[in-house]
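Before any comments, here is the structure.
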Amino acid sequence: MPKTKPSLLKDLDHTYDGLGANPIRVFDAEASKIPNVIKLSLGEPDFNVPEHIKQAAIDSINNDESHYGPSNGWPKVRQAAADFLSDRYGLDYDPNTEIAVTVGATEGLHAALDTLLNPGDQVLMPSPTFSLYDQLIRINGAEPVYVDTSSTGFVFTPEQLKAGIARCDHLKAVLLNFPSNPTGVTYNEAQVRALADVLRETDVTVISDEIYSELTYDGTHFSFAKALPEQTLLINGVSKSHAMTGWRIGLIAGPAELMRRVSLAHAFNVTSASNPAMAGAYEAMSTEEGRQDTLAMKAEYLKRRDLVVAKMSAMGFGIPNPNGAFYVFAKIPADLIQDDTEFCYDLVRKNAVALIPGGGFGPGGEGHVRLSYAASMDNLTEAMRRLQEYVDDYRATHTA
Ligand SMILES: Cc1ncc(COP(=O)(O)O)c(C=O)c1O
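Each residue of the sequence shown is one higher than the last, beginning at 1 in full-length UniProt numbering.
Right, here's the structure in full:
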C-alpha cells in the first residue's frame, strides 16, 4: 500500500475532525470479535428482498436500462412514490416538482441539510436520536441542539419544543424521526399536530425522517407533512419497508421551491439513483404484492417485539411504548450496572449478547440499551435466555 504524503493530510477540511469515531461502531466492532455472539445491534431488516422485486431489477438490467436517468428519478418511479405517499398517508405531492428519488434516506437527509444549512446555523432535535444526524449537521459547519425527552417517554412535547426553540439563536431546522431509531416510540395524530402548531408560527424548516413509517404497529402512521406540508421536507424510502437497505433507494418530498434546491444538492452529489434499484423500488411501491410484503414482515416483527418486551419487562427492564420500527430502548434495572457502556461490555463479554449502549444516541439515552429485534425468532429466544442468565448471575453475586 502506498503511504499518503504527510503534506496531503495537513490541511484537510476540519469539519470532519473527530467525526469518524462513533462509539456505537467501536462497540459493535468489539462485540463482533466475541465467539458465538448474538448481535442485536444491527439496524437493518434480516429478511431477503422479495422475489418479484428482485425480478424487476433483473429485467431492468436485461432491458439495457444502463444509461443516466433523470436526476430526480424516472417519472414513473416518482409517480409511484407520489401514489404511495397519497394512498398510505393522504399526502399530496406533484411528482414532477415535489419529489426526488435519492440514494437511500441517507442521501436525502444529506441533500436536505446541505440545502438548508449555513455555518453557524442550529438544528434542533429530540434526543436520543439517530446518530448520523449529528455528523451530517456538523459537516455543514452547523450545530446540533438536543432536547432530552427521557422524562416524557421519549415523545417530544410542544413544551419541550418551545423551550428548545427559545434556547437557539440561529435555529434553521427541526429534525424529527418517527417511528424512532433508537427508541421505537412513535407519535399519534394529536401529538404531530401539536408540534406542527408550534412550528407554524416560526420560519423553521422541519425535516421529518419517516423511514420506518410502514412499521407502525398499533394505530396508523400520521405524517408530519400532513400537518405542516408547507414547511416540511419528508424523508422516506424502501430500505426498511421492503428489507432493501443495500439497494439504496430513498425518497424526499417537499414544497417545490425548496425541492428545486434539494434537487441541485442531490444532482451534484450522485447524479441519480441507479436504474435497477429504482426498478425494484417501483415494483415495491406500485404493486399490491409489494404492499403485502411489508404486511408480512410487519406481522413477523410484531411477534418478535412481543417476545422481547415480555421477557425483558419480566427481568425488570423499563420499555416505553415500543410501537414502531424494530427497536426497544430499555432502561437498565436499578440493581444492575447503571453505566450503559459498562453494562453492554460486561453482558457481551460474559454472555455473548450484543446490545447498544443508549448514551451513544444522545442526551437522555444514558442508562438505557437499544435492542434491534430485526433478528430471527431463534436468535431472539436464545439471546433472551442468555440475558436472563446474565441478570440472574449478576443478582446472585451482588445481593447483600
Ligand atoms: C432513522 C433512520 N434514518 C435513516 C436511515 C438510513 O436509511 P437508508 O438506508 O435508506 O439510507 C436509518 C438507517 O438505519 C435510520 O435508522
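Glycine included, every Cβ here is placed at the ideal spot set by N, Cα and C.
Here the structure is a predicted model, which means the values were calculated and not measured.
When you compare the CB positions of residue i and residue j, do they come within less than 8 angstroms of one another, or not?
i           : j    : result
S41         : I356 : yes
M384        : F47  : no
S208        : L234 : yes
Y146        : P363 : yes
A196        : F156 : no
D148        : S180 : no
V49         : M244 : yes
residue 410 : L113 : Residue 410 is absent from the structure shown; the chain starts at 1 and stops at 400.
F222        : N188 : yes
P95         : A105 : no
Q231        : T271 : no
H242        : I24  : no
G280        : A57  : yes
F317        : T129 : no
K162        : D121 : no
A194        : P158 : yes
N236        : S131 : no
L199        : L175 : no
Y282        : K240 : no
For residue i and residue j, I'd like the C-alpha separation in whole angstroms.
i           : j    : result
K331        : A111 : 35 angstroms
K10         : V123 : 30 angstroms
P391        : L336 : Contrary to the premise, residue 391 reads as Val rather than Pro in this sequence. Approximately 8 angstroms between the Cα atoms of the pair.
V238        : P322 : 21 angstroms
P6          : H14  : 16 angstroms
G153        : F178 : 13 angstroms
R386        : A352 : 8 angstroms
A284        : S86  : 15 angstroms
P35         : E366 : 27 angstroms
residue 444 : S32  : Since the first and last residues shown for the chain are 1 and 400, residue 444 lies out of range.
D339        : E51  : 44 angstroms
L380        : A354 : 11 angstroms
P141        : T4   : Note on residue identity: the sequence assigns Gly, not Pro, to residue 141. Taking the straight line joining both Cα atoms gives about 26 angstroms.
T97         : R260 : 8 angstroms
T216        : E210 : 11 angstroms
E257        : S151 : 38 angstroms
G358        : G18  : 20 angstroms
A299        : T220 : 15 angstroms
residue 452 : E288 : Outside the modelled stretch of the chain, which goes from 1 to 400, sits residue 452, for which no answer is possible.
S286        : F84  : 7 angstroms
residue 464 : K350 : One cannot answer for residue 464 here, as it falls past the ends of the chain, which runs 1 to 400.
D64         : G290 : 24 angstroms
Under 7 angstroms: does the beta carbon of residue i sit that close to some heavy atom of ligand 1?
i    : result
G237 : yes
T294 : no
T106 : yes
D209 : yes
N22  : no
T245 : yes
F130 : yes
G358 : no
G184 : no
N269 : no
G43  : yes
N140 : no
N177 : yes
N323 : no
G73  : no
N96  : no
G250 : yes
N275 : no
N181 : yes
Buried or exposed: residue i, going by 16 or more other Cβ atoms within 10 Å of its Cβ?
i    : result
L295 : exposed
E107 : buried
Y89  : buried
P119 : exposed
Q55  : exposed
P2   : exposed
Y133 : buried
D293 : buried
E342 : exposed
H398 : exposed
G246 : exposed
H266 : buried
V192 : buried
Should residue i be flagged as near chain B, meaning a C-beta pair shorter than 8 angstroms?
i   : result
T15 : Note that chain B does not occur in the displayed structure, where there is just one protein chain.
- Check whether the segment 183–192 touches the segment 321–330, counting contact only when three or more Cβ pairs, one atom from each stretch, lie closer than 8 angstroms. Enough Cβ pairs lie closer than 8 angstroms, so yes.
- Message: Pairs of beta-carbons, one from the segment 68–77 and one from the segment 275–287, closer than 8 angstroms: are there three or more?
- Response: With a cut-off of 8 angstroms on Cβ pairs, the segment 68–77 is in contact with the segment 275–287, counting three or more such pairs.
- Task: Flag this pair as touching only if the segment 296–313 and the segment 359–373 have three or more C-beta atom pairs under 8 angstroms; answer yes or no.
- Result: Contact holds between the segment 296–313 and the segment 359–373, because three or more Cβ pairs, one in each stretch, are under 8 angstroms apart.
- Cβ contact (3+ pairs, closer than 8 angstroms) linking the segment 75–92 and the segment 308–318: No: the two stretches stay apart, fewer than three of their Cβ pairs being nearer than 8 angstroms.
- Query: Would you call the segment 239–251 and the segment 92–108 in contact, with 3 or more CB pairs under 8 angstroms?
  - Reply: Taking 8 angstroms as the limit for Cβ pairs, the verdict is that the segment 92–108 does touch the segment 239–251.
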